[in-house]
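J.:
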Amino acid sequence: MGRQDPQLQTSDGSGDRPRVNASGSTSKYKPGDEVYLNEPGSRSLSGPYLISSVPKKGKYVLCFENGDKVKNGNEVSEGDLKKA
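Position 54, counted from 1, in the sequence shown is what full-length UniProt numbering calls 54; the numbers after and before it change by one each time, with no gaps.
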């Protein structure tokens, strides 16, 4: 079993310096990706929405095309999203 190569993550515009994270610690979606939201307990998808930010692995903030936040800017779990 070999060592995994790290991946460089660049700044998200927050002024933070680029950093190196271990491979596998990246999120499935990135800002600007279009996704559908499957609300827990619902059988239908809403959207599409844009990924506004990725505050932590597996959690996303969604927005409309005009930049307004979806769900008042609350984080959404990766498992509730589907690529548009």
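Here a beta-carbon is modelled for each residue, glycine too, at the ideal position from N, C-alpha and C.
Can you round the beta-carbon distance between residue 34 and residue 58 to whole angstroms, since I take them to be within the 8 Å contact cut?
T.: Counting from one through the sequence shown, the residue named residue 34 turns up at place 34. Counting from one through the sequence shown, the residue named residue 58 turns up at place 58. Not really, about 18 Å apart at Cβ, beyond 8 Å.
J.: Could you give the residue range of the beta strand (DSSP E) that holds residue 27?
T.: Locating residue 27 in the sequence shown gives position 27, counting from the first residue. Counting along the chain, residue 27 falls outside any beta strand (DSSP E), and DSSP gives it neither H nor E.
J.: Hey, out of 55, 76 and 51, whose CA is closest to residue 64's CA?
T.: Against the sequence shown, residue 64 aligns to sequence position 64. Residue 51 is the option with its Cα nearest to residue 64.
J.: With distances taken between CB atoms, is the gap from residue 62 to residue 70 smaller than 7 Å?
T.: The residue given as residue 62 occupies position 62 in the sequence shown. The residue given as residue 70 occupies position 70 in the sequence shown. For residue 62 and residue 70, yes; Cβs fall inside 7 Å.
J.: Figure out for me which residue from 60, 36 and 56 has the closest Cα to the Cα of residue 47.
T.: Along the sequence shown, read from residue 1 onward, the residue named residue 47 stands at position 47. Of 60, 36 and 56, the residue nearest in Cα terms is 36.
J.: Taking the alpha-carbon positions, what's the residue 72 to residue 28 distance?
T.: Residue numbering aside, residue 72 sits at position 72 when the sequence shown is read from its first letter. Residue numbering aside, residue 28 sits at position 28 when the sequence shown is read from its first letter. Those two C-alpha atoms are separated by around 22 Å.
J.: Which residue wins for smallest C-alpha separation from residue 76, given the options 68, 44, 56 and 67?
T.: The residue given as residue 76 occupies position 76 in the sequence shown. Residue 56 is the option with its Cα nearest to residue 76.
J.: Assuming residue 82 and residue 38 are in contact, meaning their beta carbons sit under 8 Å apart, how far apart are those beta carbons, in whole angstroms?
T.: Here the question's residue 82 lines up with position 82 in the sequence shown. Here the question's residue 38 lines up with position 38 in the sequence shown. Yes, residue 82 and residue 38 are in contact; Cβ-Cβ is about 6 Å, under 8 Å.
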